[in-house]
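The opening residue of the sequence shown carries number 44 in this note's numbering; numbering runs sequentially from there.
All residues carry an ideal CB built from backbone N, CA and C; glycine is no exception.
Here the structure is a predicted model, which means the values were calculated and not measured.
In what follows, a single structure is set out as structure tokens and then discussed.
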Amino acid sequence: MLIKSDSRPLYLQVIDRIKQDIEEGRYEAGERLPSEFQLSKQLGVSRATLREALRMLEDESVVIRRHGVGTFINSKPLFSSGIEELFSVTDMIRRGKKQPGTNFLSSAVEEAEEEDSHRFHNEELKEILTIERVRTADDEPVVYCLDKIPKHLLPDYVSHEHQSIFDQLEKSGTTIAYAMTQIEPIGYHEDISEILQCDPETALLVLKQMHYDDNEQAVLYSINYFRADKFKFHVLRKRVF
């Protein structure tokens, strides 16, 4: 298992070796790595070199380091999507070959506030439908969803266990064309992390999105908390000359 010397810095070779060992099944998701002393001896590198490699692997979310406990292999995200692609949570879970489900928490129709009128660019807005749900994949909670919709767009809303909000809006005559999205990574959330059954080390990715229809009308505002150990988002960036 010793590192074979090449022209690259040793810590980069250690990173590649640990990643290779994960890919080849020598280490499983959730498994604790050997101690720094043992691992540095196995690889034939100094503990300082090993620590630098582990630090970079942690930055890449390949491993999780728990103070006083050890270093663990992080779980690979089950779901991956380009952030430029707009899918419902239901479709994302299906694309990950899992069965989507819903734990319905609450829904309420409330009088629209000034913030709602401003957000939806509609001074005539009277009522807002607020829906709170937990989305599951094969019965495992993976996303907490808070959706706000002008009530007149879903006048006959009924909670459906597996049906997405996108589908329900479309059946009511509203087709979502695109969304403006703000992404925020956060750590442990006192309430939502518990709802999603997260370990204290599990981070969350928060997507705040305003969805628009074909007529450029704002129709759905959503705040979705994704488990960062289950979801990965990526984006294609092109160089501008």
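Discussion item. If I follow the unbroken alpha helix (DSSP H) through leucine 82, where does it start and stop?
Written reply: Counting along the chain, the alpha helix (DSSP H) containing leucine 82 begins and ends at 79-86.
Worksheet item: Do three or more CB pairs link the segment 112-119 to the segment 129-148 at distances below 8 Å?
Response: The segment 112-119 vs the segment 129-148: no contact.
Worksheet item: Quick one: what's got a C-beta closer than 6 Å to isoleucine 192's C-beta in the same chain, skipping five residues either side?
Response: Leu172, Leu263
Worksheet item: In angstroms, rounded to a whole number, what distance separates the CA positions of glutamate 101 and isoleucine 107?
Response: Glutamate 101 and isoleucine 107 have their C-alpha atoms roughly 6 Å apart.
Item to complete: List the endpoints of the continuous beta strand (DSSP E) containing alanine 155.
Response: Secondary structure note for alanine 155: it is in no beta strand (DSSP E), with a DSSP letter that is neither H nor E.
Item to complete: Could you tell me which residues DSSP puts in a beta bridge with leucine 250?
Response: Ile226, Asn267
Worksheet item: threonine 217 and leucine 196: beta carbons closer than 8 Å?
Response: In this structure, threonine 217 lies near leucine 196, with their beta-carbon atoms less than 8 Å apart.
Discussion item. Once the 5 residues before and after tyrosine 221 are set aside, which same chain residues still bring their CB inside 7 Å of it?
Written reply: Leu129, Tyr255
Item to complete: Within 10 angstroms of the Cβ of alanine 96, are there 16 or more other Cβ atoms? Answer buried if so, exposed if not.
Response: buried
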